[in-house]
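Colleague: Here the sequence shown is numbered in the working numbering, starting from 1 and rising by one per residue.
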Amino acid sequence: MKISVIVPVYNAEEYLKNCIMSVVRQTYDNWELILVDDGSSDGSLSIADLAAEKDERIRVIHQKNAGPGAARNRGIKEALGDYVVFLDSDDYIDKNYFQLLVPKARINDVVFIDVCQIYGKGKLLKEEKMSQYKTWTKDRLIRSQMTGKVQWGGGVRKAVSLRLLKENNIEYTLHSIGEEALYSFRILYAADRIGFLDEKPVYFYVNHEGSQSKIKSSDPWGGAVECLKEYLQENGLYEKFADTLNAFRATAAVVSLDRIARLYKGETCRKNAKVRICRFHMLYDKERGIDLDSMSYKAKIFVPFLMKGQYRLIFLCSWLKSLITKA
Numbered sequence: 001m002k003i004s005v006i007v008p009v010y011n012a013e014e015y016l017k018n019c020i021m022s023v024v025r026q027t028y029d030n031w032e033l034i035l036v037d038d039g040s041s042d043g044s045l046s047i048a049d050l051a052a053e054k055d056e057r058i059r060v061i062h063q064k065n066a067g068p069g070a071a072r073n074r075g076i077k078e079a080l081g082d083y084v085v086f087l088d089s090d091d092y093i094d095k096n097y098f099q100l101l102v103p104k105a106r107i108n109d110v111v112f113i114d115v116c117q118i119y120g121k122g123k124l125l126k127e128e129k130m131s132q133y134k135t136w137t138k139d140r141l142i143r144s145q146m147t148g149k150v151q152w153g154g155g156v157r158k159a160v161s162l163r164l165l166k167e168n169n170i171e172y173t174l175h176s177i178g179e180e181a182l183y184s185f186r187i188l189y190a191a192d193r194i195g196f197l198d199e200k201p202v203y204f205y206v207n208h209e210g211s212q213s214k215i216k217s218s219d220p221w222g223g224a225v226e227c228l229k230e231y232l233q234e235n236g237l238y239e240k241f242a243d244t245l246n247a248f249r250a251t252a253a254v255v256s257l258d259r260i261a262r263l264y265k266g267e268t269c270r271k272n273a274k275v276r277i278c279r280f281h282m283l284y285d286k287e288r289g290i291d292l293d294s295m296s297y298k299a300k301i302f303v304p305f306l307m308k309g310q311y312r313l314i315f316l317c318s319w320l321k322s323l324i325t326k327a
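1. CB Leu-164 to CB Val-150, shorter than 8 Å?
2. Looking only at its chain, what residues have a beta carbon closer than 7 Å to the beta carbon of Glu-168, apart from the 5 residues adjacent to it on each side?
3. Are Ser-89 and Pro-8 touching if we call contact CB-CB under 8 Å?
4. Suppose you measure from the CA of Ala-71 to the CA of Glu-199; what does that come to, to the nearest Å?
5. Is Ser-213 helix, strand or coil when you go by DSSP?
6. Measuring alpha carbon to alpha carbon, tell me which residue in Ser-4, Glu-14, Ser-296 is nearest Ser-144.
7. Would DSSP call Ala-336 helix, strand or coil?
8. Do you know offhand how far Val-24's Cα is from Arg-106's?
9. If contacts are defined as beta-carbon pairs under 8 Å, then Val-156 and Phe-86 qualify, I think. What distance do you get, rounded to the angstrom?
10. Which residue comes first and which comes last in the beta strand (DSSP E) that contains Gly-195?
11. List the residues that DSSP assigns as beta-bridge partners of Gln-63.
12. Decide if Gln-63 is buried, meaning its Cβ has at least 16 other Cβ atoms within 10 Å, or exposed.
13. For Ser-217, which option in Ala-242, Lys-271, Ala-261, Ala-299 has the closest C-alpha, if you only look at C-alpha atoms?
14. Report, in whole angstroms, the separation of the C-beta atoms of Ala-181 and Leu-228, which I expect to be a contact under 8 Å.
15. Which residue's Cα is closest to the Cα of Ser-4: Asp-49, Arg-59, Met-21?
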């Protein structure tokens, strides 16, 4: 079995060499590494080209900057392996990742992996054990991923059969944030068998100021919700998942209000909050229920306040969280 590793690269010269070497050092050697340079303006392309010169399993593709979703889509198009592993250019993987993955990949369409979030030169922030969900039904897993209760991580938290992607025409959306929401839904819905690599965390997600997760958007998930709605309607799945989509809308609104509280002050903050609340009520499908079971507890507790158009409690919690973080 051949593993295709797809790495979107954008201005990652500080981290890219370590990322590449974590693939080169794998104990399983039947792999290809596709580095998709997404219009980098630093030394990333030179690092990628040098790596390709040293190892024939490494290929470099250059394109104009189009975002991580487009870069991953290009990698999928170019992949020649049996199974796809996505790796972000500032992260790295355990040397035994592919060795542990292959036996599970042979019998599953999708394989979730356990992840460590780290800071700086290896300080552990937290472990994200996707394997804690291995007893869940497929339906529960899909719905909980829709709302973000189970982290999307369409790229880094799960590996997937290239056949599944190609046969179902599955791609990422082009949103700069939340591009993994629809992708995650589609691969899980299409999968016949879902597995978990639970021996140990094999992916190390590096947190730093330039991380994708730190991009300052006041509504990071809003576009992803409506993109998912459009897909569900076009494919006759809306009735089945409408209540969970409402839960996703509510979660996205809570996330947005939290961001607004952090990004703005005074009257600007209040105006933005009122606009976001109005948007939530305009888009919320009032003829359907809301799937509270598939929401995270942190989001679910604010639903009654959202329904009443109240945002101050969310602001208060956001401010308190900021104070605790700074302490």
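C-beta: ideal position from N, C-alpha, C; glycine also.
Modeller: So, from the listed chains and residues:
1. In this structure, Val-150 does not lie closer than 8 Å to Leu-164 by Cβ.
2. The question names Glu, yet the displayed sequence has Asn at residue 168. Here the set comprises Arg-186, Ala-190.
3. Their beta carbons are under 8 Å apart, which means Ser-89 touches Pro-8 by this criterion.
4. Taking the straight line from one Cα to the other gives about 30 Å.
5. In this prediction, Ser-213 scores a pLDDT of 49, lower than 50, which makes its location untrustworthy; the coordinate-derived value is nonetheless stated afterwards. In the displayed model, Ser-213 falls within a helix according to three-state DSSP.
6. Distance check between Ser-144 and each of Ser-4, Glu-14, Ser-296 places Ser-296 closest, using alpha-carbon atoms only.
7. Limits of the chain in this structure are 1 at one end and 327 at the other, which puts residue 336 out of reach.
8. Rounded to whole angstroms, the separation of the alpha carbons of Arg-106 and Val-24 is 22 Å.
9. For Val-156 against Phe-86, the beta-carbon gap comes to about 6 Å, under 8 Å, which counts as contact.
10. If you look at Gly-195, you'll find it in the beta strand (DSSP E) that goes 194-197.
11. Asp-38, per the DSSP bridge assignment.
12. With fewer than 16 Cβ atoms within 10 Å of its Cβ, Gln-63 is classed as exposed.
13. Comparing Cα-Cα distances from Ser-217 to each of Ala-242, Lys-271, Ala-261, Ala-299, the minimum goes to Ala-261.
14. Leu-228 and Ala-181 do touch by the CB rule: their CB atoms are close to 6 Å apart, below 8 Å.
15. Comparing alpha-carbon positions, the option among Asp-49, Arg-59, Met-21 lying closest to Ser-4 turns out to be Arg-59.
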